[in-house]
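Enquirer:
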Amino acid sequence: MAEDLTAQVLGVLNNADGPVLTSEAFPDKDFVTVKSAVDKLRSREFLEAKQVDRIELIPTEEGATFVQHGSPEARVYRAIKEKGEVKIKDLPGLVGDANVAKFGQGSAFKNKWIKKDGDSLIPLVDSIQDVTGNQLKEITETKTLADAKAVADLKKRKLVAERKVVTFEIQKGPKFSMEFVKEQTDLTGEMLADGSWKTAKLKPYNFKAKGAATPSGALHPLNKVRQEFREIFFEMGFEEMPTNKFVETGFWNFDALFVPQQHPARDQQDTFFISDPAKADPPREDPPTQSMAELSLADSPKHKRTKSTVSQSDDFKQYWEDIKAVHENGKFGSIGYRYPWSKDESLKLVLRTHTTAVSTYMLRKLAKNPRPVRYFSIDRVFRNETVDATHLAEFHQVEGVIADWGLTLGGLIGFMEVFFGKMGLTNLRFKPAYNPYTEPSMEIFSYHKGLKKWVEIGNSGMFRPEMLEPMGLPKDMRIYGWGLSLERPTMIKYGVSNIRELLGHKVDLNFIETNPAVRLDKD
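Everything in the sequence shown is counted per the working numbering, starting at 51 for the first residue and increasing by one.
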């Protein structure tokens with residue numbers, strides 16, 4: 051418990067004729083102890099106090115040796131003066147330090163205190179003033195030095211350092227008294243029982259004091275930006291897709307999207323593969339009794355070891371065969387990739403690398419009742435990335451899909467300008483790109499005023515016939531698709547330069563609790 055200086059502070063004020071500095075009255079007391087007494091007396095108007103901040107100079111560890119023994123040049127001069135003549139090789143032994151001999155000798159030459167005579171050193175003057183040593187002694191005694199240039203030089207040589215000192219200037223207040231009655235902070239049952247509450251001095255309430263922070267939950271910045279995206283999608287008439295399945299088959303994650311099985315994205319260096327079970331069951335003639343297992347493993351703990359199947363629909367086997375055909379030899383007007391398509395590769399289970407796998411499943415369901423739709427999803431995806439300041443092995447993808455008749459590439463560009471305009475991004479550029487499942491494809495760029503350069507903000511395109519026609523969608527139906535990450539706009543909005551400070555074990559919980567709300571269309 052901190053020492054109570056209340057009585058001592060009152061005694062000092064009682065004997066003083068005017069304001070008193072606490073640093074002078076209580077030089078040996080720590081700041082917390084002094085502040086506690088001052089605050090206690092100030093709240094009861096026993097005294098008036100004003101905080102006074104000042105900067106003091108203190109010698110560093112090296113500077114303290116100068117105070118005790120003198121500067122290196124003075125020590126060198128004294129050693130040579132005492133002997134009259136000193137061999138250069140003997141000087142370190144006389145001053146007790148090789149560095150002192152080296153640097154002191156140089157400064158003594160510069161000050162013209164000594165000179166070299168062959169291999170010896172001799173004095174040039176009868177006496178010297180150790181300016182540096184005297185300055186450090188003055189700083190030690192007074193904590194200051196009037197010569198600003200000298201202070202700058204000593205700081206540059208790292209012989210002195212600055213220290214901020216906080217003190218109080220106190221004087222008697224309107225209710226000053228030498229008698230300080232201890233105030234009761236609580237009204238107890240005993241006081242009520244014996245009537246002592248009637249004469250007790252109760253501590254007044256401080257209605258200006260800030261209350262203790264109430265522990266509470268907080269929305270993560272990613273969730274705030276995610277909700278802002280959701281509001282934009284809902285405003286534009288979109289329906290949210292179900293994305294609660296993280297495990298996909300290679301079929302839905304790659305093959306149905308017309309991604310060839312030799313594509314680098316399907317290597318272990320880029321994708322996380324499930325080891326147990328490693329594969330899903332192939333399509334069956336009769337629908338399996340499991341719930342929708344084509345997207346993930348069975349959810350029931352009872353069936354944790356049961357293998358997934360690719361699909362349970364009656365017509366899925368034909369879809370499976372059409373996907374195989376469009377990859378191997380081409381179909382629906384395409385020549386395909388012309389390679390032997392592997393069923394085992396298609397059945398491998400992976401952590402989904404994009405939410406486009408869900409878009410594919412939803413579009414196949416749409417083939418049973420073709421109509422104009424607008425779908426979107428925002429959820430987590432996984433890629434075997436090397437973690438650094440801008441990449442994680444898991445991140446969030448924002449994806450949108452529009453299906454309708456008569457859609458054109460110009461319409462996609464126009465829609466992108468409207469969509470991103472709702473986020474405050476109005477200056478866009480579009481660059482041709484390649485995606486296995488869209489043609490034509492475009493990367494979307496926006497001019498970043500802060501970075502003063504064009505940055506990629508998304509990818510887009512029109513889904514290929516090789517992907518859509520095996521589903522049974524009409525030949526004249528066109529579908530837009532585009533996507534972007536959730537992390538990049540969040541990092542820009544909150545000024546986060548390292549993605550590991552936004553998501554993962556290095557996140558500062560105080561940042562999560564205190565981050566403000568966000569509006570994408572506001573800077």
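Think of the CB as a built atom: it goes at the ideal place given N, C-alpha and C, for glycine as much as any other residue.
Which residue's Cα is closest to the Cα of GLY623: LYS502, TYR530, GLN179 and PRO520?
Expert: For residue 623 there is no data in the structure shown, the boundaries of the chain being 51 and 573.
Enquirer: Taking contact to mean at least 3 C-beta pairs separated by less than 8 Å, is the stretch 66 to 75 in contact with the stretch 215 to 234?
Expert: The stretch 66 to 75 is in contact with the stretch 215 to 234.
Enquirer: Taking just the CA atoms, how far does ARG514 sit from ALA375?
Expert: When rounded, the distance between both Cα atoms is 15 Å.
Enquirer: Measure how close the beta-carbons of LYS251 and GLU233 come, nearest whole angstrom, since I'm counting them as under 8 Å.
Expert: Contact flag correct, Cβ pair sits at about 5 Å.
Enquirer: So, helix, strand or coil for ASP372, using DSSP?
Expert: Reduced to three states, the DSSP call for ASP372 is helix.
Enquirer: Helix, strand or coil for ASP197, going by three-state DSSP, please let me know.
Expert: Reduced to three states, the DSSP call for ASP197 is coil.
Enquirer: Counting along the chain, where does the alpha helix (DSSP H) carrying PHE257 start and finish?
Expert: From DSSP, PHE257 is part of no alpha helix (DSSP H); its letter is neither H nor E.
Enquirer: Given this structure, state the Cα-to-Cα distance separating LYS84 from THR56, to the nearest angstrom.
Expert: The sequence given here has Val at residue 84, not Lys. Rounded to the nearest angstrom, the two C-alpha atoms are 9 Å apart.
Enquirer: Counting beta carbon pairs with one atom in the stretch 529 to 549 and one in the stretch 500 to 511, are three or more of them shorter than 8 Å?
Expert: The stretch 500 to 511, when compared against the stretch 529 to 549, does touch it at the 8 Å Cβ threshold.
Enquirer: Can you give me the Cβ contacts of PRO314 inside the same chain, cut-off strictly under 8 Å, excluding the 5 residues immediately before and after it?
Expert: So the list reads ASP320, once near-sequence residues are dropped.
Enquirer: Can you tell me whether DSSP reads GLU233 as helix, strand or coil?
Expert: Of the three classes helix, strand and coil, the one that applies to GLU233 here is coil, per DSSP.
Enquirer: Using 8 Å as the Cβ pair cut-off and three pairs as the minimum, do the stretch 239 to 250 and the stretch 81 to 95 touch?
Expert: Flag = no, the stretch 239 to 250 and the stretch 81 to 95 do not touch.
Enquirer: Compare the Cα-Cα distances from ARG424 to each of THR564, ARG414 and GLY450 and report the closest residue.
Expert: Selected option, being the one with the closest Cα: GLY450.
Enquirer: At the level of alpha carbons, what is the spacing between LYS398 and PHE304?
Expert: Those two C-alpha atoms are separated by around 11 Å.
Enquirer: Does the distance from the CB of MET492 to the CB of ALA483 come in under 7 Å?
Expert: Cβ distance < 7 Å, so MET492 and ALA483 count as in contact.
Enquirer: For ASP336, does the three-state DSSP call read helix, strand or coil?
Expert: Residue placement at ASP336 is poorly supported in this model, since its pLDDT is 42, which falls under 50; the coordinates still yield a value, given next. It is coil, neither helix nor strand.
Enquirer: Once DSSP output is grouped into helix, strand and coil, what is the label at GLY471?
Expert: Helix.
Enquirer: Taking the C-alpha atoms as reference points, what is the distance between ASP203 and THR194?
Expert: Answer to the nearest angstrom: the Cα atoms are 14 Å apart.
Enquirer: Are the stretch 385 to 399 and the stretch 267 to 287 touching, with three or more C-beta to C-beta distances below 8 Å?
Expert: Output reads no: the stretch 267 to 287 does not touch the stretch 385 to 399.
Enquirer: What is the rounded straight-line gap between the Cα of TYR255 and the Cα of LYS556?
Expert: Rounded to whole angstroms, TYR255 to LYS556 spans 41 Å at the Cα level.
Enquirer: Using only the heavy atoms of the ligand SAM, determine whether one of them is closer than 6 Å to the beta carbon of VAL505.
Expert: What this structure holds is no ligand at all, so the ligand SAM is not there to describe.
Enquirer: Consult DSSP for ASP394 and reduce its assignment to one of helix, strand or coil.
Expert: Residue state, collapsed to three classes: helix.
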